[in-house]
Structure formats: C-alpha cells, structure tokens
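This report concerns only the one structure given below.
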Amino acid sequence: MREITLSKAVNEAIAEEMRRDPNVFLIGEDVAEAGTPFKVLAGLVDEFGTERVIDTPISEPGFVGMAVGAALTGSRPIVDLMFGDFIFLVMDQLCNQAAKACYMSGGKLNVPMVLRTNLGATRRSAAQHSQSLHALVAHIPGLKVAMPSSAYEAKGLMKTAIRDNNPVVIFEDKLMYQDKAPVPEEEFLITFGKANIKREGTDITLIATSSMVQVAEKAADLLAKDGISAEVIDPRTIVPLDEETILNSVRKTSRAIVIDEGHQSYGITGEIASRITEKAFYHLDAPVLRMGAMDVPVPFSPALEDLTVPTPEGVADRARAAVRGELFHAA
Amino acid sequence: MREITLSKAVNEAIAEEMRRDPNVFLIGEDVAEAGTPFKVLAGLVDEFGTERVIDTPISEPGFVGMAVGAALTGSRPIVDLMFGDFIFLVMDQLCNQAAKACYMSGGKLNVPMVLRTNLGATRRSAAQHSQSLHALVAHIPGLKVAMPSSAYEAKGLMKTAIRDNNPVVIFEDKLMYQDKAPVPEEEFLITFGKANIKREGTDITLIATSSMVQVAEKAADLLAKDGISAEVIDPRTIVPLDEETILNSVRKTSRAIVIDEGHQSYGITGEIASRITEKAFYHLDAPVLRMGAMDVPVPFSPALEDLTVPTPEGVADRARAAVRGELFHAA
Amino acid sequence: MAAKAAAKTGAKPKGNAEDYLRMYRQMVRIRAFEDQANQLYLSAKMPGLTHMYSGQEAVAVGICEALTDDDKITSTHRGHGHCVAKGAEFKAMFCELLGKAEGYCRGKGGSMHIADQSHGNLGANAIVGGSMGIATGAALSAKLRGTDEVTVCFFGDGATAQGLWYEVMNMAALWKLPVIYACENNGYSEYTKTAEIAAGSLTARAEAFGIEAHKVDGQDVLAVNELTQKLVARARKGEGPFFIELATYRYHGHHVGDINREYYRAKDEETEWKSTRDPILNFGKWLTEQGVASEDDLAAIGAEVKADAEAAVAYAEAAAYPPENEVDMHVYVDSPELNAALRGQPAA
Amino acid sequence: MAAKAAAKTGAKPKGNAEDYLRMYRQMVRIRAFEDQANQLYLSAKMPGLTHMYSGQEAVAVGICEALTDDDKITSTHRGHGHCVAKGAEFKAMFCELLGKAEGYCRGKGGSMHIADQSHGNLGANAIVGGSMGIATGAALSAKLRGTDEVTVCFFGDGATAQGLWYEVMNMAALWKLPVIYACENNGYSEYTKTAEIAAGSLTARAEAFGIEAHKVDGQDVLAVNELTQKLVARARKGEGPFFIELATYRYHGHHVGDINREYYRAKDEETEWKSTRDPILNFGKWLTEQGVASEDDLAAIGAEVKADAEAAVAYAEAAAYPPENEVDMHVYVDSPELNAALRGQPAA
Ligand SMILES: Cc1ncc(C[n+]2csc(CCOP(=O)(O)OP(=O)(O)O)c2C)c(N)n1
Ligand SMILES: Cc1ncc(C[n+]2csc(CCOP(=O)(O)OP(=O)(O)O)c2C)c(N)n1
Ligand SMILES: [Mg+2]
Ligand SMILES: [Mg+2]
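Taken in sequence, the protein lines are chains A, B, C and D.
Numbered by the working numbering, the letters in the first sequence go through residues 17 to 347 in order.
Numbered by the working numbering, the letters in the second sequence go through residues 17 to 347 in order.
Numbered by the working numbering, the letters in the third sequence go through residues 1265 to 1612 in order.
Numbered by the working numbering, the letters in the fourth sequence go through residues 1265 to 1612 in order.
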C-alpha cells in the first residue's frame, strides 16, 4: 500500500469530503494560501476557492462561534485552530454553545462541525504552544473527541468526523505531521468508539492515545526482549470510549497502563484507569497504572522539556514492575 | 459558637482580608452596590469604597486578564465570576496566563489572585448556569483549587486563598449560600492540601467535595441504620490534594466511593479513585467507585434535573453493594 | 393629533391595516405572555426564574415583522419577546417555561434557551453576547449556501462589553455578511446603568469597522419596522452588515425576582417610561387616530390574546413532564448517513 | 539636506546628544541581537524557532526611552526588541533563547516568554493579544497603589482582531487608566496582509471608546519618542488611556523559518522598506547631518555592539542547562507569610 504523511492524510480527507458535500467548508487563520503554518492544508484553496477555504483574522472565539451558527443552519464547517493551546480561547463557544445546542433544544438543533487542532510537546515551543488539552473537552457532554495516532487514523477519523452530525474535536499530534504510514487509495471511514488493537499480547495491556501509541509500541518492543508480551490498544476516540475492547483485553492480561500526553492529574488517564478498575477489578493482578505528562507547564529548555512526557523506556519500566509483582510495596 | 450563612462567611473573610491588606481589591460584575446577584458581597462597598470594590462591564476575559496584570504588579485581586459556567470565557487568561506566569518566568513573576465562582445544579437554571467545572482548572498546573463545603470552610479557605501567592480558584456551592454553620468569631485560616475527616467510620470511605459532602454525610446516616460505618472525607482543596489522609482512611476501610458534582467522565472522581487504586490496591476489598453528575448538559426541567446529581440514597445503595461484596459480578 | 402622532412615530402609514393590526396584536401577545409568566413566578409555579421583555415589545415586533420564516434570529436571556415575534405559539412556550415535554425544547431548555427552529429562531442564550458568533455564522452560511436569508442578532447594551462582538463585526464587515446587529439599549445591564459600563459611543464602535450604524426609537414599532425593512432589503443584496441601536426600557426588574430595585433605578423613571413611552399604548392611540381600528377593536384584541394566554398557561400546567428516560437523550443526535456508509464498508 | 531630514523625522533635535546616541545604540543593539538570533537558528543551534524584530527598532526604542524602570511594558511573540529597549542584557537574553539556566527565566520561557521583571518588562506572550488584559491590569494596579507608573501594551496589527482588546479599552477608558496601547502595524499578521483581516480603521476603533488615538511613523525614532513622551506625561496625570498606531515593517519572515514568502509578500516591497525607510540608517544619517556624531562614531558603536552580541552568544552557548530537578520547580511560588500565620494558629 502507498505510504503518505499524516499531513497529507488530513489534507486528502478534507478534500474528499469537500468534493462529496458542498456544505463542507474550512475556516481558520492562514488556511488558504499559506495552508496553515504546518502546511497541512496546502493546495485546498486552489481546488475549492476562497469561498470555501476561508482565511480569518486572529479571532478564535469569533470564528468558532461563527462555525456553530453555520452548523446550525445547514453548513458543515471544519474549523482550524492553529494550536491546541488556543482551545482555552474558544471554550465558551465550544462547550457552552456547540456542545449544548442539541440537548438544550430537545434535539431540534444540531451542530455538525469539526474543530481540528493539535497536541504534543518536545517541539521547543514552550508553555503556550505545547499543551495536550483533550481532557478538557472530553469532560463536556455533547462533544466527541478523536485522537488519531497515524496517517491512516488521521484520514479515517477526519472523514468520519466531517460526516458526524455532532460537534467533533480532533487533536492531531503536531510532531507526527511528517510521519508516513500506509493509507489505502480507496475511500474509508473509521467508526467512532471502536478501539484499535495495535498489537496483541498476553501479559499487560498498554492503552495509549495519539502520540503515545508509538511510545507504547516501542515500549512493547523493549518488553518483548524481556519476554513480556504487551497488548497495545489505541482507543481512537476518547468520547465515545470503547470500554469493551479495553476491558476484554485487561480481563485477559490482568494488568494495564494508561499512557497519554495530557497532564496526568485530572486528565484522561484517571478516567480510563477508573473504568477498568470498576469493571474488571477482580481480574486485576496489579493496580492499573497511569502515565501522563508531568503536572508542570511545558518548559522551553530542551533539557527540561524531554523530562515531562512519557518515554518508551519509562513505560517499559513500569510495565516490568507490574508484571513482576513489584508494585505491592508502592500500594 | 455563633452560626452564620455561607454567604456571610465569604463576606466576612473578604472584609477581614481587605482590612488587613490594602493591596487586596475586589473586581467583577455588580459586586459593588448590588453585592452580586446572590448578595454575597453586600455591604463591602460601603466599607471599602468603589476604588476597591469595582463594578465591571460584562467582560469576563477582560477583567480576569486585568486581575492577572494587577497581581503581577503588587496588587492582590479577588475576581468575582458570577456563575461557574462563565469560566469557559476566561480559560485563556486563567490557564495560559495566570497559571503559567510563575513557571514561564523561572519563578520571577507570580500571580497572587483569587477567582471566586460557584458550582451546583438543581436550581432550575439550565445548561449554561448550572455546571460544576472544577475539573477543568484542576487539570492545569499552576492553579490551586478550593471547594468549600460549609460556611466554616468557605471562610477559612477564602482567607487562605487571598494570602496565597499563587492563583487560586474557589468554587462555592450556590445552593448553599443560605446554609448556616458554626463559624468562630476569631480569625482562622485553613491549610490547603489538608483534608477534613468529617466523620469517622470503619467500613467504607466516602470522599466527597463541596455540595457532595452533605450528600455523603446523609448517606452515612442512612448506612448507619444498616449497621454500616462510613468515614466521610472532605479534601477541601483538590489541588493540592491530600492523598495521605485519603489513603490512610481507605487502608483502614478497604472500600471507597468518590462523590462529586462535576460530570463523572473525565472529571475529578477518576483522578482520586485512580490515586487510591494505585497506592492502596492491595488493601482494597472492592473497586473504588465513583459517582459524579450524569454526562449530560444540565436539563432545565425539574423532572429531569434532579436525576443528574448524586443523592444520599444513591450513594448509600452503592456503598451497601460495596460492603456486601455485591460488586463482583459488575467487575 | 394624528399628524402629531405620525410625526412622533416617525413613519407614515404606508403598510396596510392588516399589517398594522398584526403588529399591534403581536406586541399585545408579548405583553400578555410576560404578564402570565410573571404570575407563574409570583405564585411559585415557575421553576427557576426568568427575565421579562415587557416594555421592549416594539423592538422585537418591529424587527421580526420585517423578516420571513427563512430569516434567522438569535435571542438572549430576555428572549420571550423575540420568540413570540418570530412566530412561536403560546402553548409550546409555556410548556417550555414549566419544563414540560410539549415545550419547544421538550422542557430541556427553559426560558433562557427557548428556540423555535421552524420559524428561524436559533434560540435564546444565557451567555450574554453568546449568540453573536452564532448569528454571524448563520449569515455566513446563508451566503455560502447561496440563499438571500438575513440574520438578526438581538442583544442588550450590556452585551456590547463582550469582546466577541468586535471579532464578529470585523469578519461580517470584511465579508459583507447579511447580518443585522440589533442592540436593545434599555439603559441597564442587571443592576448597573449603561453609562457606567460603556465608554464612548455604541454606534461609533460599529462604524469603526466600516459598518453602517443607525439609532432608532425602540418604543416606536413603525419606525423600527420601517428602518429594518430597508436594511433587510439591502442586506439581501449584499450591502450588509448593519448595526441598529434601539432605545428602549424594561418595565420589570432585571429578572422576576428583582423587586426592590430603587437602589439602582428610580421609581419615577419607570413611571415616566410606562406612562409616556409605552409602545403598545402609543401605537394603539395612533391606530385609532388614523382610523385603522376603534378602541373597541383594540380592546377585543387584548381580551382575545389574554384568553389565549390563560388557556395556554392552563394547558401547560396540566401537561406532562418529560419521562425520566429523556434525561440522557439528545446529548448527541444520530448520523444516519454516516452510519449507513460505515455499514457499507468492507470489514477492516 | 539637514533640513529635509529633520522634516522627515518630524522632530527637532531637542534632546541632548547623549539621548540621541543612546537611542541609536539601542536600535543597533536590537538589530545585532536579532542578527545573532537568526544565525543561531540557521546554524540549528536554536531550540524551536523565533520571530525577528528587525525593521521595527524605532518603535520599541522610541517608546521605551520615554519610560522609567518603574513603568511597565507587556510584549509579544516578536518581543526581543521590547526586551532590549526596556533595559535587558544580552547574556541573560541569549541564555534564555538557548534554554540555559542563566536565562532571564532560567530557560523555562524561551524567546516567546522572555520577561525582565527588574526593568518592568512583564513578559513576552505567545498568545496573540494575550497581554492586553495584563497591561491594563498593571495600569489599574498602578492607580490603586497610588503610583504614577504608566504601562505600555505592545501588540501587532493582527492582534487587533482579538476581542479582549475592546473589553479592556472600554474599562481603561471608563476608569481613565494610565495605559498606552501601542499597535505596531507592520502590514502583516503571519502570512496575511493587514488589509485582508482588518475592516474599517484601527484608530477609529479606539476612538469609539473615547480613547485619544494617534498615528505615527514607526520608522522615525524621534517622532515616536516625542509623541510617547507627551502621552506618558499626560497618562501620569490621569489623562489616559491612549492609543498609538505605528506604521512599521518586519524585515524577516513571520518567523525565522518563513523563508519562501513571495506568495504573500513581494521582494520589491521588502527592498523598498529596507533601502528607504530603515530606522537605523535614517537616524544615523540624521545624526551625522546634525553633527551629533561622525560616521566613524556610528561605525564604532556598531562594532562595539556586534562584539558584545557575539560575546554574549558565545557565553550562552557555553552556559549550562538547568539541572533536571528544576523541571517541577516554579509551578507554584512559596507563601511565607501565609505559612507563618498557619503555623501560628492553635491546632484545630
Ligand atoms: C457571559 C455572561 N456574563 C454575565 C451574565 C449575567 N447576566 C445575565 S443578564 C446580564 C445583563 C445583561 O445586560 P444587557 O445585555 O443590557 O441585557 P438586558 O438584561 O438589559 O436585556 C448579566 C450580567 C451572563 N448571563 N453571561
Ligand atoms: C491567540 C493566537 N492565535 C494565533 C496565534 C498564531 N500567531 C502567532 S503570531 C501571529 C500573527 C500576529 O500578527 P501581528 O499581531 O500583526 O504581529 P506580528 O507577527 O506582525 O508582529 C499568529 C496568527 C497565536 N500565537 N495566538
Ligand atoms: Mg440592557
Ligand atoms: Mg503584524
């Protein structure tokens, strides 16, 4: 199968959906000629024109609010939010408006919009351009949250998001834009709420999102050398969350680590770990472990920044401890 | 000891601190003559004047940003955010600016400000005036988060918050403003990060925040009738979180339920439950349970709204199941 | 007298009698709706609280009478008037206010979120200024979809303090969107006088973005309607956006519970507005002076509307609450086409 | 010639030679700093990327020379110029850019968050417009604390699209706060021309809030300085706030990596600004024409500054990274007085 970058995969997904449905349009800062600073959207304006690929002023609350209004009235906007950190600016429009319109209207209104943004540290971009803030939106009922972990996932999840009749937030890993993966030429969609078992294993389950899927896979490689067989699960969407696949795996392996690039405290690892504990408690041989980013703003200095996110070695260490029953004293 | 309302307790705390420190000032919508729609701040403007009790236009991002700037330059602002739901509007100033200034400057800047706001449903105020959004700010390093559960707690935590040199967000339960509790006449502060054991017990630990502390206490009363002895713990602050007190309790009771009025998914119950599981796993006789608000926007209709928040009966039911070992099949 | 009244309303009678009487009736309907809603609150039958539109009727009616059902509006926390004026029925409105299943939003929205999709009312909003983006986006969508729909964004003077407005005005102006920003300046935001929270000039703020701005007497339904007709027609041709500042007054407190309000607003001021600038009284007087209707005709309208409102209240009080299983319905809507496409895929 | 140049700068030589030469040197220092920073990027020694201030030097210097160390500024993603102009040293700045422990922020902030508390620089900000509230709040605090400090809020033309600005302008105007909003209009926000993203007039936007607005040539350091001196003096007396729009130009791409930029900006345009409107060249020329300095004097300043900058870079390259244990320091600051009070309490 041909291999394309994650960047190209997103671009293709949007182009295909814009061709299919004239109501889909793109809006955001420097999305047209510039194709975003990451160049992900390059070329779309040539095909679809500035009517459907709309460059905005630096007014994030404004254009997200406009997307909500457009979505309420027959359009299907895709909003480009240049950095995930800017989601703080649009929380009111996203969480008080987009997320609630359907429910507050008793199902009479709905908001088919996609907010695409990104996450991921270690780019030396410091505290306001490096955050992984998906936990915030995952907490708000009415939003769906997708977290692609490869070019393939990015394409399929984006296409599904555009066709979903609800507001969907997609977090792409900005460090992965140039990473290639096999992506079929033929059209495909990826079902929300259906996890992907990236790798089968029997001793421990590693549940990892987005950027952390690769980390988990590398950890699994390290563990294999020690004869430990790790299963790696990518939930793909954290809302809805595929509990069943996760629980089936943990019931089999009896151990789990949840790995995510958001801050660990009050983030998504606690939720997933708790659901496992609640529903598979009597199958567990060790406490479900969590590895999130450190609870510090992302530091600029390379010497510090790299310490803040989970690494394959770190994950493998914890997994070994769990498998070898070394967590007893900690607990 | 005299009893005063939570509303009066907050008012006293602020008045005492404004008398003590001329750098403390209050800013927000209708805080002066009106004393807020809840009348919590009534009278302060008479003592401190409109220079220090400042009515603003309806510009939440603006005046929160201004509070950050004032706090960076020698003042100690208390910001009044009329409804907790409006926190979505100020997330950028709170989380990208206030929370990060100290870290980003390597400790050279700091932001001694208090954001006081509220939480709590069942007031028939519908989806945009009923949310309990403390999980969002608890996820962001650099902020402290206090959740008073009575008039006593509200006074002590507010005074401590005002004297803390970091940004503190306080969520008051808006349904509790008229609830009275004993509050000493003499000055007192409450240490952040030190949980309060509201009630001792041996069979199960109920960890509850803010509005849910009363629910947990009522559940404990119900359980007592069945001969089940519940310990009730109020963490007081969720950042910092007093793990030690919680873990000591659970190691004793072997069972726990975490109860909170925020949405259950990706909220604070998952974090607290996970920390317990990670650090007291081998003491647990049952999975740590969680009870948050339903994962739905808060409905207006009284017939629906009351279904969305944990009740004493609901908590007691789950506690009985845990104590009687009835969770095996669920898990 | 007639001449004077005509001068005062600032518009010559050029619609027909039917139009005038419909506008009159719509204003009376709003007032009657609010009187009943206030009663429901005072008799403790209303869950929560609500914000009365009484006194501002000429704004909602003057504007909405210039719109079609395809045109959109966004509304505010003080939104009953906009909802009625845009075509809503009493029964479903009262049901909504009481949290009943037959309400416009199945009881889930209540007073502050009432929406009426079928008449183009995209909903009230409990976030002050929260619908400014939505309205502007509806206008963008109207343009992208190739329609000539116009959107009116209602908001209060207090809402002009929200930064969102300036962001969307800028985009509306750059892209010539068919949106009309209608600021109901009733002199207060909550318990504070507008003068204390708004520096400079509201019309200048819109004009700074190159947006044509107008001021009009919001108590004069014909003046409001005439101006709006013109602006709507121009907006349909791509000459928008526009801004209108409407001087008006709310008769009640900020919300139904705001009874003792002399600390921020003098009784005399209220009496003055009610007795000399009431939009219904003044328009009624003009209608009789112009011979469009007799005083008896108007009284009959009043009685009819009142009976309607009372019947709707009785209906709503007797109506059923939504069943418990609706509590987690409508968080998400179905996506049937997507699901079909997913089913049609070869298994992965 | 001299007369013409004087007319062009729009200001008569009325400061003394020392002032002029300090301003000249500060502009040269900024340019030298940026040249070194750009080199660090091009030679892959710079972590991340950065935004060059080159071309805009007269703005930062003209304004900051009108301020004292007690006066505050807030800065932007394009903030090196403000930082230097407000008094910062090269070594600690380069250390910060390279993430070293001796940086102004111990390497934790980097280019986009550089702050220099000791000279009143409250920090660069990577959120466009993000410091508008901070600056206005610093001005509020100055007033409440009874000082006569003035705050200058630097931001770009693109930042005027952020709603926050309008919110804080309103409050600044209502409360007469000593804040000066300084918009560096360099014609672009990222890869987009200002005209495409800003409707109407920027000065009118400030004026709509009753704020006195000025336009000035941002390439003319004396004109900028003269205007700022006047406005600062008035702001100290409570006559603020003020708005200044400064026409200027950035010589590099949006950031150091934005090399191929002809799709949004013509080479000719760049050449034109660099050759005819360079703030350093023009001011240097004027200084020699006025006899304030010889060409040799200026060349000596240039050489001295360049040597300083190179030395500082070398120092920073050799400097140590922060130790690993600093990673979770500074998330919170201590509260010693609170802790003492807590310790003094009777046990609960
Ligand atoms: C973002 C936000 N801030 C504050 C409030 C509380 N609030 C509700 S109505 C109101 C006053 C609004 O004034 P205005 O816009 O003039 O409308 P009016 O009530 O006069 O119709 C305020 C402050 C809110 N609902 N939303
Ligand atoms: C809130 C926010 N939106 C978008 C960006 C990305 N961004 C960084 S600089 C910039 C352009 C700013 O333009 P302007 O204010 O004119 O400043 P200039 O770069 O020209 O100095 C943008 C869009 C950001 N950093 N913050
Ligand atoms: Mg008003
Ligand atoms: Mg610019």
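A virtual CB, placed ideally from N, CA and C, is assigned to each residue, including glycine.
Quick caveat, the model's predicted, so the values are computed rather than measured.
Close beta carbons around Q1426/C, own chain, < 6 angstroms, minus the five adjacent residues each side: Here residue 1426/C refers to the residue found at position 162 when the third sequence is read from its first residue. If we look at Q1426/C and ignore the five residues flanking it on each side, its Cβ neighbours are G1393.
Contact the stretch 36-44 of chain B vs the stretch 1367-1374 of chain D: 3+ CB pairs below 8 angstroms: Contact fails: fewer than three Cβ-Cβ distances are below 8 angstroms.
N39/A beta carbon near ligand 3 (any heavy atom closer than 7 angstroms): Within the first sequence, the letter at position 23 stands for residue 39/A. Result no, Cβ not under 7 angstroms from ligand 3.
Cβ shell of D242/A (< 7 angstroms), same chain only, five flanking positions each side left out: Locating residue 242/A in the first sequence gives position 226, counting from the first residue. Counting only Cβ-Cβ distances below 7 angstroms, and skipping sequence neighbours, we find R336.
Extent of the continuous alpha helix (DSSP H) to which T66/A belongs: Working through the first sequence from its first residue, we reach residue 66/A at position 50. Counting along the chain, the alpha helix (DSSP H) containing T66/A begins and ends at L60 to R68.
Exposure of I1523/D, with buried meaning 16 or more beta-carbon neighbours within 10 Å: To locate residue 1523/D, count along the fourth sequence from 1; it is residue 259. Exposed is the call here.
Proximity test, Cβ basis, 8 angstroms: R132/B and chain C: Numbered from 1 along the second sequence, position 116 holds the residue referred to as residue 132/B. False, the Cβ-Cβ gap to chain C never drops below 8 angstroms.
Close Cβ partners of Q144/A (< 7 angstroms) along its chain, the five nearest in sequence each way excluded: As a first step, residue 144/A must be located in the first sequence, where it is residue number 128. If we look at Q144/A and ignore the five residues flanking it on each side, its Cβ neighbours are D101.
Nearest neighbour of R1409/C, chosen from A235/A, V95/A, T89/A and A197/A [CA to CA]: As a position in the third sequence, residue 1409/C is number 145, starting the count at 1. Closest option to R1409/C, Cα to Cα, is T89/A.
DSSP three-state assignment for E1448/C, whether helix, strand or coil: Here residue 1448/C refers to the residue found at position 184 when the third sequence is read from its first residue. Residue state, collapsed to three classes: strand.
Assigned exposure category for A1275/C - 16 Cβ within 10 Å defines buried: As a working mapping, residue 1275/C is identified with position 11 in the third sequence. Residue confidence for A1275/C is low, a pLDDT of 42 falling below 50, so the modelled location carries little weight; the figure read from the coordinates is stated next. A1275/C is buried by the Cβ-count criterion.
Proximal chain A residues relative to R1342/C, where beta-carbon distance stays under 8 angstroms: Start at 1 with the first residue of the third sequence, and residue 1342/C comes out as number 78. Ordered by position in chain A, no residue passes the 8 angstroms Cβ test against R1342/C, which lies about 17 angstroms from the chain.
Contact set between N1434/C and chain A, taken where Cβ atoms lie within less than 8 angstroms: Position 170 of the third sequence, counted from the first residue, corresponds to residue 1434/C. P73, S75 and G78, listed in chain order.
Per-residue contacts from P157/B into chain D (C-beta, under 8 angstroms): Taking the first residue of the second sequence as position 1, residue 157/B is located at position 141. Those within 8 angstroms of P157/B in chain D are V1595.
Residues near V231/B by beta carbon distance below 7 angstroms, same chain, minus five either side: Reading the second sequence from its first residue, position 215 is the one you call residue 231/B. Contacts found: A224, I275, P326, T327, P328 and V331.
Residues near G283/B in its chain [Cβ-Cβ closer than 7 angstroms; skip 5 each side]: By 1-based counting over the second sequence, the position of residue 283/B is 267. Taken in chain order, the residues that qualify are A151, D276 and G308.
G78/A: CB within 7 angstroms of a non-hydrogen atom of ligand 1: Your numbering for residue 78/A matches position 62 in the first sequence. No, since every heavy atom of ligand 1 falls outside the 7 angstroms radius drawn around the Cβ of G78/A.
Residue burial classification, K1457/D (beta-carbon count within 10 angstroms, cutoff 16): Your numbering for residue 1457/D matches position 193 in the fourth sequence. Counting Cβ neighbours within 10 Å, K1457/D comes out exposed, since fewer than 16 surround it.
Alpha carbon of S91/A to alpha carbon of M129/A, nearest angstrom: Indexing the first sequence from 1 puts residue 91/A at position 75. Indexing the first sequence from 1 puts residue 129/A at position 113. About 8 angstroms.
Three-state secondary structure (DSSP) of I74/B: Here residue 74/B corresponds to residue number 58 of the second sequence, with the count starting at 1. Three-state DSSP puts I74/B in coil, outside helix and strand.
Three-state secondary structure assigned by DSSP to C1369/D: In the fourth sequence, the residue the question calls residue 1369/D occupies position 105. Note: C1369/D maps to coil in three-state DSSP.
Close Cβ partners of G1363/C (< 6 angstroms) along its chain, the five nearest in sequence each way excluded: Numbered from 1 along the third sequence, position 99 holds the residue referred to as residue 1363/C. Cβ neighbours of G1363/C within its own chain (closer than 6 angstroms, five residues either side excluded): P1311 and G1371.
Euclidean distance between Cα positions of K116/B and V95/A: Here residue 116/B refers to the residue found at position 100 when the second sequence is read from its first residue. Here residue 95/A refers to the residue found at position 79 when the first sequence is read from its first residue. Approximately 27 angstroms between the Cα atoms of the pair.
Test: L88/B CB closer than 8 angstroms to a CB of chain D: Along the second sequence, one-based indexing puts residue 88/B at 72. It does: the Cβ of L88/B has a partner Cβ on chain D nearer than 8 angstroms.
Three-way DSSP call (helix, strand, coil) for M1316/C in this model: Working through the third sequence from its first residue, we reach residue 1316/C at position 52. Here M1316/C sits in coil by DSSP.
Coil, strand or helix - T1338/C by DSSP: The residue you call residue 1338/C lines up with position 74 of the third sequence. Correct three-state label for T1338/C: strand.
Secondary structure of D311/B, DSSP reduced to three states: Looking up residue 311/B in the second sequence gives position 295. DSSP places D311/B in the coil class of the three-state scheme, outside both helix and strand.
N134/A (DSSP reduced to helix, strand or coil): Position 118 of the first sequence, counted from the first residue, corresponds to residue 134/A. Strand, per DSSP.
Which of helix, strand or coil DSSP assigns to G341/A: Start at 1 with the first residue of the first sequence, and residue 341/A comes out as number 325. Coil at G341/A, not helix or strand.
Residue range of the unbroken alpha helix (DSSP H) whose run includes F1547/C: Looking up residue 1547/C in the third sequence gives position 283. Counted as a single uninterrupted DSSP element, the alpha helix (DSSP H) harbouring F1547/C occupies residues P1543 to E1553.
Per-residue DSSP class, three states only, for M17/B: The residue you call residue 17/B lines up with position 1 of the second sequence. Looking at M17/B - three-state DSSP - the assignment turns out to be coil, as it is neither helix nor strand.
Distance cut-off 7 angstroms: R71/A Cβ against heavy atoms of ligand 4: Stepping through the first sequence from its first residue, residue 71/A is reached at position 55. It is Asp, not Arg, that sits at residue 71/A in the sequence shown. Checking every heavy atom of ligand 4 against the Cβ of D71/A, none is found closer than 7 angstroms.
Beta strand (DSSP E) segment containing E188/A, residue limits: The count along the first sequence starts at 1 and reaches residue 188/A at position 172. That run of the beta strand (DSSP E) goes V184 to D189.
The stretch 1499-1517 of chain D touching the stretch 1432-1450 of chain D, judged by at least three CB pairs closer than 8 angstroms: A contact exists between the stretch 1499-1517 of chain D and the stretch 1432-1450 of chain D.
Burial state of Y298/B (16 or more Cβ within 10 Å): Residue numbering aside, residue 298/B sits at position 282 when the second sequence is read from its first letter. Exposed, by the Cβ-count rule.
Residue from Q1609/D, A1497/D, C1347/D and E1454/D whose Cα sits closest to the Cα of G1517/D: Locating residue 1517/D in the fourth sequence gives position 253, where the first residue counts as 1. Of the candidates Q1609/D, A1497/D, C1347/D and E1454/D, the one whose C-alpha sits nearest the C-alpha of G1517/D is E1454/D.
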